[in-house]
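Okay, so the sequence shown: first residue is 14 according to my numbering, each after it adds one.
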Amino acid sequence: MYKIAIVGAGTAGLAAAALLKKQGYQVTLYEKFLKPKPLGAGLLLQPTGLSVLSLLNLDQSIIAGGSVINCLQGKTCGSKWKTLDIHYHDLSPHLFGVGVYRNNLFNALYHEVEQSGIQVISASTITHIEWTNDQAYVINTGEAKTGPYDLIVDCSGSRSQLRKKYANVKLDKLYPFGAIWGIVKLKDNQFSLNTLEQRYRNADHMIGILPVGQLPGDQCISASFFWSMPIAQYSQWRVEPLNVWQRYVVSLWPECESLVLQFNSHDDLTLATYYDVILRQYYTGNLVFIGDAAHCTSPQLGQGANMALMDAYVLAECLKYTNSISQALVAYQQQRQKHLAFYQMASRILTPFFQSHSIFFARLRALIGGLAGKIPVTQKITAQLLSGIKTGLFSQLDPGQWSKKYQII
């Protein structure tokens, strides 16, 4: 059985560790933090991600602890015209997304890793790899070398140092727009508990509210609140009194006043930055890149965690049904390339409509998005796009191939 090293204990790393261990491989997980922890506030799990979690018997507990999301609705600030109106039932009547607090997803996956008896080496930042014949050693910042391993899986995220050193990189750049995130409680009835709601001020600012279920010890539903902004404005935002920003947000979306006033300091919100990364090949020798280490994008389509879960599953299956590491990585490349390439392209096309200084794209977004929500054909296409199943303009995958519960009918 293969000896496998996994670098990074995020969604991709934990899922890969659990799935590979389930197949009987000897797995070691390396994490840079002393105590592994999640980064980020909330995320939207799609039928694709849920189908992978079901293989670990984790989907039902995640659903129970989160908020079932039936649709995404977005409007231009001060307008009743729906720029976005996407419903999962336009894809299939029984499908849905799930808004989850990132800690809950992390805890479920990490518990699975612990229960599986996987060795976790914390406070170990892997910076180098040393190859010897068909095997490899990992080397951390303290120059400690461990191994040998038959396969190394880089799951260290968008800022992966291993990618910069060893991957065949076509593009690796920081997006000029980011977002600040925080958790709020939905104490009144101003917002649906089953809808991801967004408001847009042109294309340079976006407000979003994603219900994420009940947090431990809470009686009410919480939500992930986000505010999209140019990264260049972040320092100024930190310097200005918080209530200046709060008043501005409320002027754009008055209904969210009770939410934004729950933030007492700038430290209650966390800056998230995003990279656009394209690899010509997802592996180098017996080092493979998955999750954000391989293909991070802007957050417009919200597919990061779902793609990471799918990467982990497909990699495990490729190792299972091939006769060597090299064959498995070739198969992995072939099976993931179309799906990932499509969403990278779609994300790049959509980004100027939601995160840019363009008035033209903002107005075009309002026109096209509003019409798309009223035409049956485009209603289905946008639901397919949101659900993470598109592999091309006229092709898609079915998460039901992994779990019948999430089959498209």
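Positions of the beta carbon are idealized from the N, C-alpha and C atoms, including for glycine. Remember, it's a predicted structure, so these values are computed and weren't measured experimentally.
Pairwise C-alpha distance: residue j and residue i
{"i": "L377", "j": "F367", "result": "11 Å"}
{"i": "V151", "j": "V133", "result": "14 Å"}
{"i": "V65", "j": "S171", "result": "22 Å"}
{"i": "H141", "j": "L272", "result": "45 Å"}
{"i": "R212", "j": "P412", "result": "30 Å"}
{"i": "E44", "j": "L199", "result": "34 Å"}
{"i": "L97", "j": "S169", "result": "33 Å"}
{"i": "E268", "j": "Q203", "result": "7 Å"}
{"i": "K35", "j": "N70", "result": "12 Å"}
{"i": "L398", "j": "T24", "result": "21 Å"}
{"i": "L255", "j": "Y296", "result": "45 Å"}
{"i": "L332", "j": "A341", "result": "5 Å"}
{"i": "G221", "j": "P49", "result": "28 Å"}
{"i": "R349", "j": "Y101", "result": "24 Å"}
{"i": "K417", "j": "L118", "result": "22 Å"}
{"i": "K403", "j": "V263", "result": "36 Å"}
{"i": "V166", "j": "K177", "result": "15 Å"}
{"i": "P60", "j": "I99", "result": "15 Å"}
{"i": "Y419", "j": "K158", "result": "43 Å"}
{"i": "G155", "j": "S173", "result": "18 Å"}
{"i": "P229", "j": "Y179", "result": "41 Å"}
{"i": "H124", "j": "S135", "result": "15 Å"}
Of the listed residues the options, nearest to residue i (C-alpha basis)
{"i": "L68", "options": "Y326, Q347, I196 and S371", "result": "Y326"}
{"i": "I131", "options": "E210, L71 and T41", "result": "T41"}
{"i": "M323", "options": "L282, Y334 and D305", "result": "D305"}
{"i": "A359", "options": "L27, G401 and R349", "result": "G401"}
{"i": "Y334", "options": "A54, L33 and V20", "result": "L33"}
{"i": "L108", "options": "V390, I76, N120 and D231", "result": "I76"}
{"i": "Q294", "options": "S92, V182 and Q414", "result": "V182"}
{"i": "H218", "options": "D201, G315, L184 and F190", "result": "F190"}
{"i": "P389", "options": "A18, L104 and G298", "result": "L104"}
{"i": "W94", "options": "R361, S416, L384 and S369", "result": "L384"}
{"i": "T138", "options": "Y345, A18 and K387", "result": "A18"}
{"i": "D201", "options": "E270, G112, A136 and E143", "result": "E270"}
{"i": "S205", "options": "Y114, Q86, G405 and A180", "result": "Q86"}
{"i": "L56", "options": "F302, L314, S135 and F46", "result": "L314"}
{"i": "S129", "options": "A379, Y38 and P229", "result": "Y38"}
{"i": "A54", "options": "P106, S135 and G112", "result": "G112"}
{"i": "G21", "options": "V301, W258, E210 and D147", "result": "V301"}
{"i": "Y345", "options": "L328, A354, E253 and N336", "result": "L328"}
{"i": "D147", "options": "S369, A396, K16 and K351", "result": "K16"}
{"i": "K433", "options": "G405, I362 and S369", "result": "Residue 433 lies beyond the stretch modelled for the chain, which goes from 14 to 422, so this question has no answer here."}
{"i": "M14", "options": "N336, W415 and Q347", "result": "N336"}
Cut-off 8 Å between Cβ atoms - residues of its own chain near residue i, not counting five sequence neighbours on either side
{"i": "Q227", "result": "G78, C233, I234 and S235"}
{"i": "I193", "result": "F239, W240, M242, Y247, W250, L282, T283, L284 and A285"}
{"i": "L265", "result": "C90, G91, R212, R214, H218 and I220"}
Under the three-state DSSP convention, the category residue i falls into
{"i": "C269", "result": "helix"}
{"i": "P243", "result": "strand"}
{"i": "T391", "result": "helix"}
{"i": "P60", "result": "helix"}
{"i": "H100", "result": "strand"}
{"i": "H352", "result": "helix"}
{"i": "C84", "result": "strand"}
{"i": "G221", "result": "strand"}
{"i": "N146", "result": "coil"}
{"i": "N181", "result": "strand"}
{"i": "A18", "result": "strand"}
{"i": "K198", "result": "strand"}
{"i": "G160", "result": "strand"}
Contact belief for residue i with residue j at Cβ below 8 Å, rounded distance in angstroms
{"i": "P51", "j": "N153", "result": "P51 to N153, Cβ: 22 Å. No contact."}
{"i": "I284", "j": "A307", "result": "Checking the displayed sequence, the identity of residue 284 turns out to be Leu instead of Ile. That belief does not hold up - the Cβ atoms of L284 and A307 are roughly 23 Å apart, past 8 Å."}
{"i": "V225", "j": "S74", "result": "The pair is not a contact, with the Cβ atoms about 14 Å apart (cut-off 8 Å)."}
{"i": "R5", "j": "C90", "result": "No statement about residue 5 is possible, as the shown extent of the chain runs from 14 to 422 and does not include it."}
{"i": "Y287", "j": "Y188", "result": "4 Å"}
{"i": "I82", "j": "T208", "result": "7 Å"}
{"i": "A318", "j": "L58", "result": "7 Å"}
{"i": "T364", "j": "S311", "result": "5 Å"}
{"i": "I428", "j": "P106", "result": "Since the first and last residues shown for the chain are 14 and 422, residue 428 lies out of range."}
{"i": "W144", "j": "G386", "result": "Not really, about 52 Å apart at Cβ, beyond 8 Å."}
{"i": "I338", "j": "D163", "result": "6 Å"}
Neighbourhood of residue i by C-beta, 6 Å cutoff - its chain only, sequence neighbours within 5 removed
{"i": "L251", "result": "The question names Leu, but residue 251 in the sequence shown is Arg. So the list reads H279, once near-sequence residues are dropped."}
{"i": "G382", "result": "T96 and L97"}
{"i": "V126", "result": "L27, A30 and A31"}
{"i": "D185", "result": "V290"}
{"i": "Q316", "result": "Y356 and G401"}
{"i": "A321", "result": "T24, A25 and G304"}
{"i": "Q392", "result": "D103"}
Sequence-distant residues of the same chain with beta carbon closer than 7 Å to residue i, five excluded per side
{"i": "V197", "result": "S235, A236, F238, L272 and Q275"}
{"i": "S371", "result": "A216 and P365"}
{"i": "L63", "result": "D72, V111 and Y419"}
{"i": "I244", "result": "P189, F190, G191 and T286"}
{"i": "W258", "result": "W250"}
Cutoff 8 Å: residue i Cβ touching any chain B Cβ
{"i": "T283", "result": "Absent here is chain B; the protein component of the structure consists of one chain."}
Near the ligand FAD: residue i beta-carbon under 7 Å from a heavy atom
{"i": "L314", "result": "With respect to small molecules bound, the structure shown includes none, and the ligand FAD cannot be examined in it."}
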